[in-house]
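Numbering (this note's numbering), first residue to last: 2 to 389.
Think of the CB as a built atom: it goes at the ideal place given N, C-alpha and C, for glycine as much as any other residue.
A quick note: this is a predicted structure, and the numbers were derived from the prediction, not measured.
Report on the following structure.
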Ligand code: NQM
């Protein structure tokens, strides 16, 4: 039987209990909800999500967030309402230490858990050993085709298979593969693949001087810069980057200037663009990366950040192309602190500089099924909703 996320939100003494599945998606994790069980009013919904994760406390001690951007995420899933779409979801980034639920950009890691969630909760009913669905990420209008394994058990009922042989760097052990194919991810937040129209720009930043960057968005808006240009090697451990206030100040100063150049305005309080420091590969891959998302170092690399960095590698003239060793191969191996991330790019035969699709492998796992509790003073599902 599929796990039922538990029906409707309900009162439990002084608290409100909300059905939720706690899932790992790729190298991220967080609670997933059937969005129909949450408050319809966005301000109340966001207050509930912040309380559920424990933000704005930096340690998220009074919630179930993991006190790091990668473990402080939520997924709000619902049935497809548009033609050709089976499932729709909204990704929410909740930052430790900050208020607000950011729904502006994508998360390809959390995306990996969406179809498993939909099967677990009966939104999608599997009919074969392999279930494919088209999933719309509402944040940016991105559609992905996703395939998971759904074998039949002894009683004939199909379930999500989490066990398998697929390994992704950044997650211990192995699990069942989840295949993700993206089409048309260019310009997810910045409006176009190259928002300045250039493969490489030179920007002036008082803290850094004159620096070459590639400003690009193939699913995730990125500033790509040679690590050496910021006084880094590009091979640092994430903890070294997090502990280097001088480097982080340079990165943030560069990010603010590039935010304007990308047409994103003042990005001081935004979670984009993310920053990617590149260097020549060292472990048999095509390029080495260190990501900041955007103020904390990523333990590996985001999914659409990897797609976007791989795309930059094939663009002659880009900062990434300069240090990368990409050949005619359609698969780009992006090295990161925990290993590597392979992205298979589909190039336009008429224009091999144009990436028209990308494919990659992730894994996910249902970690816990139950209810998350928030104070009923924030949301009382028995009473008329009020704005937070
Ligand atoms: O870029 C981190 C992650 C992400 C987002 C981030 C992601 C993506 O690793 O698609 O997956 O950049 O904030 O989960």
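Among the options, which residue has its Cα nearest to the Cα of residue i?
i           : options            : result
residue 8   : 14, 309, 35        : 35
residue 159 : 132, 236, 382, 179 : 132
residue 217 : 274, 33, 87        : 274
residue 211 : 367, 192, 231      : 231
residue 399 : 140, 127, 114      : This structure cannot speak to residue 399, because the chain is shown only from 2 to 389.
residue 228 : 222, 221, 219, 209 : 209
residue 130 : 114, 152, 110      : 152
residue 285 : 185, 167, 341      : 341
Near residue i, which residues of its chain fall below 6 Å by C-beta distance, leaving aside the five closest residues on each side in sequence?
i           : result
residue 63  : 55
residue 281 : 324
Residue i: beta carbon under 6 Å from a heavy atom of the ligand NQM?
i           : result
residue 294 : yes
residue 108 : yes
residue 305 : yes
residue 249 : no
residue 343 : no
residue 61  : no
residue 189 : no
residue 271 : no
residue 29  : yes
residue 96  : no
residue 221 : yes
Grab me the residues of residue i's own chain with a C-beta within less than 7 Å of its C-beta, minus the 5 sequence neighbours each way, in chain order.
i           : result
residue 372 : 7, 18, 19, 20, 21
residue 193 : 187
residue 2   : Low confidence applies to residue 2: its pLDDT is 35, below 50, so where it sits in the model is not reliable, and the reading given next is rough at best. Around residue 2: 158.
residue 289 : 235, 236, 279, 280, 281, 282, 283, 336
residue 77  : 34, 36, 39, 90, 91, 93
Taking buried to mean at least 16 other C-beta atoms within 10 Å of its own C-beta, is residue i buried or exposed?
i           : result
residue 10  : buried
residue 375 : buried
residue 354 : exposed
residue 299 : buried
residue 287 : buried
residue 143 : buried
residue 53  : buried
residue 207 : exposed
residue 126 : exposed
If you drop the 5 nearest sequence neighbours on each side, which residues of the same chain put their C-beta closer than 8 Å to that of residue i?
i           : result
residue 238 : 338
residue 331 : 345, 346, 347, 348
So that I know if they touch, is there some Cβ in chain C lying closer than 7 Å to that of residue i?
i          : result
residue 37 : In the structure shown, chain C cannot be found, because there is only a single protein chain.
Are the stretch 311-323 and the stretch 200-217 touching, with three or more C-beta to C-beta distances below 8 Å?
-> yes
Stretch pair the stretch 301-308 + the stretch 248-268: three plus CB contacts closer than 8 Å = no
At least 3 beta-carbon pairs within less than 8 Å: the stretch 70-81 vs the stretch 92-112 | yes
Between the stretch 172-188 and the stretch 139-157, do three or more beta carbon pairs fall short of 8 Å?
-> yes
Inter-stretch contact (C-beta, 8 Å, three-pair minimum) for the stretch 108-124 and the stretch 25-44 = At 8 Å Cβ cutoff, the stretches touch.
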